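Report on one structure; see the data block that follows.
Numbering (this note's numbering), first residue to last: 4 to 164.
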């Protein structure tokens, strides 16, 4: 029987190369915006699927979805145009297979996901939910907050020569 564990984090950008994740700006759980709707340039999601041995050569399907505070699915972006287009993408996913290793060591499969131009209608709490083979295994929560830009403090009379 294969046991799968998922580790994950939010970042500004994530890429996978040579079986590793390369990360910029990891470790946050809050996005601040001056006005709404707000568009965030990029959200990077780093995932490490850890497979314990026995059946590691089997394909596994993963999915990522975004939920609001009430558990409603939020679109991740626009679907490609076309006559059969659903208009919005609500889930991203793929398949992975980890090959066996000598001695039955744990296998790690790194996955990098970058979502560009995510739009948020207002302040709220959200979570990315990661499922493997139909079972929710990880949630990465974050908050979108409103902040009021501060005016620069004016000092002195401005009489510089």
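Backbone N, C-alpha and C fix where the C-beta goes; we use that ideal spot for every residue, glycine too. None of these values were measured; they are calculated from a predicted model.
- With a cutoff of 9 Å on beta-carbon distance, residue 42 and residue 90 are scored as not near each other.
- Between residue 65 and residue 111, the C-beta spacing is not below 9 Å.
- For the pair residue 131 and residue 123, the CB atoms are not nearer than the 9 Å cut-off.
- For residue 49, the three-state secondary structure derived from DSSP is strand.
- Sorting 139, 79, 67 by C-alpha distance to the C-alpha of residue 7 places 139 at the top.
- Remark: C-beta atoms of residue 92 and residue 48 do not approach each other more closely than 9 Å.
- Out of 94, 55, 44, the CA that lies nearest to the CA of residue 105 is found in 55.
- Looking from the CA of residue 97, the closest CA among 17, 19, 67 belongs to 67.
- DSSP, reduced to helix, strand and coil, places residue 96 within a strand of the structure shown.
- Residue pairing by DSSP places residue 110 opposite 54 in a beta bridge.
- The alpha-carbon separation between residue 100 and residue 133 amounts to approximately 17 Å.
- Between the segment 26-42 and the segment 145-156 there are three or more inter-stretch CB-CB distances shorter than 8 Å, so the stretches are counted as touching.
- Distance from the CA atom of residue 14 to the CA atom of residue 46, rounded to whole angstroms, is 6 Å.
- In this structure residue 141 is buried. Its beta-carbon is surrounded by 16 or more other beta-carbon atoms within 10 angstroms.
- Between residue 127 and the set 24, 27, 26, 40, the nearest pair of CA atoms involves 40.
- One alpha carbon belongs to residue 82, the other to residue 76, and they sit about 15 Å apart.
- With contacts defined by Cβ atoms closer than 9 Å, residue 150 and residue 60 do not form a contacting pair.
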